[in-house]
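This report refers to the structure that appears directly beneath it.
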Amino acid sequence: WANVGNMSALGCHANPGPTSAQPPLADPYLVHLCRCIVPRRVAPSASFPDALNGNLFSPAPSWMRSREYWDDSFEARFAELRKDPTRPPLKVILVPHSHTDPGWLKTFEQYFHSSTRSILNNMVSKLQQWPNMTFIWSEVSFLSLWWDSAHPTKKMVIKRLVKDGRLEMTTGGWVMTDEATSHIYAMLDQLIEGHQWLKTNLDVIPESGWSVDPFGHGGTIPYFLKASGASGTVIQRIHYAWKQWFAKKQYGDFVWRQPWDRDGAADMLTHNQPFDIYNIKHSCGPHPHVCLNFDFRKIRGEYTEYSVRAVEITPNNVKQMAELLLEQYARTGSLFTHNVVLMPLGDDFRYDHAIEWDQQYTNYKILMDYINSRKDEYNAEVVFGTPKDYFHEIQKRVSKFPSLTGDFFVYSDIFSEGRPAYWSGYFTTRPYMKILDRELEANLRSAEILYTITLNLAKQSGKDIKLYETYFEKLVKARRNLGLFQHHDAITGTSKSFVMKDYALKLFESISDTTSLQSFAIQSLAATISGKSNSVYVLSESDRDSYEKLPKKIPIGVNSHETRKIVLFNPLAQSRQEVISLKVTSYKIKVLDPQKNPIPYQIAPVMNATSITHDVYVLLFVAELKPLSIATYHLRQVDKVPAEAISTVYCSRCGKDNIFPIKPMQVGDVQLENQRMKLLFDGQTGFLKRVTKKSTGKIMQCAVQFAAYPSAQFHSGAYLFMPDPNLRDTDKDVLEAYTPHQKIYIISGNLSSRLTVEYGKLLTHHVAIYHRDGGLGEAIYLRNIVDFETPPKNRETEMFMRLQTDISNGDPPEFYTDLNGHQMIKRTKIERIGIEGNYFPITTMAYIEDSNHRLTLLVNHCQGAASYQPGWLEVMLDRRTLYDDSRGMGEGLLDNRRTVIKHWLLLEDISGEKDKYSRPSLFANYLSNTLNYPVNIFVVDGNEQEVTMTPEVRLLSQSFPCDLHLLNLRTNHDQKLPHFPVNSALMVLHRQGYSCSVGIDVALKHCPLIERLAQGTAFYKLDKVNVTKTSLTGTKSGARLKDGFQEIGLQPMQVETYNVNFVQ
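First residue of the sequence shown: 63, per our numbering; consecutive thereafter.
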């Protein structure tokens, strides 16, 4: 729980605000569920302390067997409220909707052709036919595809319906994004893409959020929506015990507050749908068997539980049916102080047949007319409307809502078997795809920044920009392919295998498009090409045969009479120090920096535990790169390589070698060390045991272990995680089959020392440290290659990496996880809901700490993480379950691929006061950014006569402040011709909050710790700019900044967008 009262102030030099003691808690289960969600500024009708006393939550509440929390106490309160003469009349707002997944059991295009196109066509005709019916639409990806081939008259109708408020665009993202596994860049980019499309084509800015299917909810989407101009949002899937708590407290509408927000500027009015899911059966009231009578869809040949149950409404049965329905609506109303009910009318891919529009409308119309003509008798009114109407209505009736902060993970349902099912499997499911997503994200971001600068330089110099316009189409396609994958059945890994393949092909296509766009841009910025050649000389240094294969570095040949040029692009707005790794065909080379000065380098062998290959070598060197710079390094052949550049190999089975000195592995434990630390490894297993920090002499236990949870068949799958209850206390030793035949070897040199241990094909575990000051020497680099091979090998296996330390992070343990790479949230273990209820999503990092030390694990894609025992931190690596987990997908997880998982491990000291709101260290944020946005590496294919490279092109005149991250610089499209780029771009900035008491012994060089951008900050040769503050998605313009970039100032944690117009 966060502290009640004002949140403490943020920023390193702010005065802490008042805080009060933690509330008394009788049941730790409540703590666990609330995840520091705290009622604050509670409405007068609710008294706060009693919410937290008493045994409110039990993991197995008495109502669990019936699967519905509505019991005698709710019935009694309902009866009481009925008699209350001061209670406002019941108002029900019916919201017809269709939940359209852009891919799940079919691909995006298959769904469009089989269902969504008809839904939208029907919507146009039926909303004209039934003049007071309403509808909402959320997924712009489908709307855009339909729009491309729709008749102009249909487009006019849609515009009119939107203007009249009968058709509301809710959320307005490209998709209804997942909220656990998406990273901030893509999550925001798909919202920008959707909002920009709506503004261009319908001239509308969404005012309400509608997030009814993601599996658990976080604070990021409410924050984004508020900053984009929305004023209310709807959520649906939260833990069943939360549902009951909200119902009991009548807190179903609350203000969602960000834990770091001092003044409430980011507060978002949020409505929690009180029952399980968004279909009619589970929405009209607490009794699904009654609600089934009010879903009037009947399609020939379709047999469903509602089509059998529901009967047409006639003058003969209207009284009985209207009263039956009102009984449900009124019960739902009793869960809110204001007595207004938001009633969704729809389900997945509904309204695809014209007749359903007629069935739902005409039956509900008879019921509504009957009820509304007897308002005095029933004290109720039922109308068609949209979420906007609902929020408008409740704000008329309630002046103050309770405030909460935190998030709603982990989601658990009980409606399938009457026992809890925790949706924590999808945090890790299909890691290969989650990594592919982040590879596109990084390449798209680099391409966006390079494209914006290159395009505007070309426009200013009057170049022909036809080629730039062609590339813009690819850029937009990449945005949309990445956006599509943020859908809550895509990045989650919860679609059928062939659908996942379709997504992968789209990601793969855009990775290659954005890479070739980077080549084109770098060539036009940094290369001078003799002659009239149009060919591309700047080529990516790695290649990927298909989406299923890992990228391979292309070996670079250097012959005696030429210099090979290596071009590096740093996509961050801060300087960075990076170890660059290349494959070369000869070890007889040296490396020169952009000014042609020789720099240290290391030659390492390409090897496994028994042999060394000599047709290719690994070349390592350290590049010091300026912010947003393109730097050209040089490789030259030499006759003799200095001895210090050749790695030493420690290996017991490698025999002799002519190039690399080979020494046998010592008996017993093994040590690696650099200037800053000593690492001790177990000589048998090859895994890290402990780390000694040289500056303090402090020895820290940090044992690495790999094991797995055996899955409970049919209960663990793409969505759900549940270890086999019969084997609950035993980890599965997945490495046992390969022991004692594991192979350990070390490659050590002047830049890096790396220990590798191989356990068959299943696991190759690398640990590297770097012999460099300036950050690289402070962290431990881990690289795991996991390969489950073909099923049924490794069946029912949920494999994890666990770090066991001597950090005292509490008992029950507490740990911190990031939420979408935007903020950190504290998690506290609850024993009795098992490991599955204690696994949380991380997209960039997790850490555990005590008063003196913090261990941070940085990740490059979403994984599930837990701290189940004091001092432990574990992350799930991959999962294979042979069977479906009964949540609709209908398949097990069998398409695992060989996956490379990268981590940084940081051991940091804590000095001084602990932060009231926990944040990563500045260094952890920096390292996380380098992991998420790697240096883009290119090789020049051409000799000195053909291609001359500028040694260094700095696209940014000076570094941004250390904690100010350039999230994007995205070229806008022409409002009238959306396929064409214009000379303005949205610059999205994220001030990554950091702790002032953690890791302060590591100084970040070359970036200023200042509030605003330094005087004279400008993009390359584009000094003349007009900068305007806009809403987050760039759809509303604010004030123009007279002093340009110098006026930009963000508070810690804030994300803001500015429109930068490059004056021609």
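Heads up, the beta-carbon is just placed ideally off N, CA and C, and yes, glycines get one too.
Where Ala108 falls: helix, strand or coil (DSSP) | Legend: pLDDT at Ala108 = 31, less than 50; position of this residue unreliable, value from coordinates given subsequently. Correct three-state label for Ala108: coil.
Look at the alpha carbon of Cys98 and the alpha carbon of Asp469, and state the distance between them as a whole number of angstroms.
-> Residue confidence for Cys98 is low, a pLDDT of 32 falling below 50, so the modelled location carries little weight; the figure read from the coordinates is stated next. Approximately 8 Å, taken between the alpha carbons.
contact_flag[the stretch 1109-1120, the stretch 274-281] where n(CB pairs < 8 Å) is 3 or more = no
Take the Cβ of Thr694 as the centre, count every other Cβ of all protein chains shown within 10 Å, and call the residue buried at 16 or more, exposed below.
-> buried
Where DSSP assigns a beta bridge to Asp315, which residues make up the other side?
-> His333
Where do the ends of the beta strand (DSSP E) carrying Met886 lie?
-> Gln885 to Thr890
Since Ile591 is in the beta strand (DSSP E), which residue starts that stretch and which ends it?
-> Following the DSSP letters along the chain, one finds Ile591 inside the beta strand (DSSP E) bounded by residues Ala589 to Ile591.
Straight-line gap, Leu167 to Thr448 (C-alpha atoms, nearest Å) | 28 Å
Residue burial classification, Glu860 (beta-carbon count within 10 angstroms, cutoff 16) = By the neighbour-count rule (16 or more Cβ atoms within 10 Å), Glu860 is buried.
Own chain, CB closer than 8 Å to His1041, minus 5 neighbours either side, in chain order | Glu531, Phe534, Glu535, Val538 and His1035
With a threshold of 16 other CB atoms inside 10 Å of the CB of Asn994, please say whether the residue is buried or exposed.
-> buried
Nearest-angstrom beta carbon gap, Trp318 and Pro268 [assumed within contact, 8 Å] | That belief does not hold up - the Cβ atoms of Pro268 and Trp318 are roughly 17 Å apart, past 8 Å.
Using only alpha-carbon positions, find the residue among Val646, Phe749 and Asp409 that is nearest to Ala830.
-> Phe749
What residues in its chain sit with their C-beta under 7 Å from that of Ile724, if we drop five residues either side in the sequence?
-> Val711, Cys713, Cys716 and Lys718
Applying the criterion that 16 or more other CB atoms from any shown protein chain within 10 Å of the CB defines a buried residue, is Leu36 buried or exposed?
-> Absent from the model: residue 36. The displayed extent of the chain is 63 to 1126, so no value can be given.
Are the stretch 375-386 and the stretch 322-331 touching by the rule of at least three beta carbon pairs closer than 8 Å?
-> These segments do not touch.
Is the stretch 447-461 in contact with the stretch 860-873, if contact means three or more CB pairs nearer than 8 Å?
-> no
Any chance you could list the alpha helix (DSSP H) runs of at least 4 consecutive residues sitting entirely within the stretch 407-479, in chain order?
-> 416-434, 437-440 and 449-459
Heavy atom of the ligand GDP within 7 Å of Ser486 beta-carbon = Ligands displayed in this structure: none; no statement on the ligand GDP is therefore possible.
Identify the continuous alpha helix (DSSP H) that holds Trp209 and give its terminal residues.
-> First-last of the alpha helix (DSSP H) with Trp209: Val202 to Ser211.
Could you check which residue in Asn871, Lys145, Gln925 and Val157 has the C-alpha nearest to that of Val444?
-> Val157
Run through DSSP, which three-state label would Gly524 get?
-> coil
Compute the beta-carbon to beta-carbon distance between Phe877 and Leu935, rounded to the nearest angstrom, for a pair I have assumed lies under 8 Å.
-> 6 Å
Can we say the stretch 957-965 touches the stretch 840-860, given the rule of at least three CB pairs closer than 8 Å?
-> Touching, per the Cβ criterion.
Contact check, Arg949 vs Leu782, beta carbons under 8 Å | yes
Under the three-state reduction of DSSP, which class applies to Trp166: helix, strand or coil?
-> coil
Sorted by chain position, which residues of the same chain lie with C-beta nearer than 7 Å to Val1015's C-beta, five sequence neighbours on each side aside?
-> Excluding positions up to five away in sequence, the list reads Leu587, Ala588, Ser691, Ile692 and Tyr1082.
Assuming Ser1046 contacts Gly291 (C-beta within less than 8 Å), just tell me the rounded distance between them.
-> Between Ser1046 and Gly291, the beta carbon gap of about 19 Å keeps them out of contact (Cβ cut-off 8 Å).
Can you tell me which of the three DSSP states Pro493 falls into?
-> helix
DSSP puts Asn1147 in a beta bridge; with which residues?
-> Because the chain spans 63 through 1126 in this model, residue 1147 falls outside it and cannot be assessed.
Close beta carbons around Leu1075, own chain, < 8 Å, minus the five adjacent residues each side = Phe1022, Pro1023, Leu1026, Phe1107, Gln1108 and Ile1110.
With DSSP as the reference, please indicate the residues paired to Leu404 in a beta bridge.
-> Ile155
Three-pair Cβ contact test at 8 Å for the stretch 841-851 versus the stretch 907-914 | no
With C-beta atoms as the reference, is Leu182 less than 8 Å away from Ala442?
-> no
Do three or more CB pairs link the stretch 470-481 to the stretch 753-771 at distances below 8 Å?
-> no
For Arg1053, which residues of its own chain have a beta-carbon under 7 Å away from its beta-carbon, when the five flanking residues on both sides are left out?
-> Asp1025, Leu1026, Leu1112, Gln1113, Pro1114, Met1115 and Gln1116
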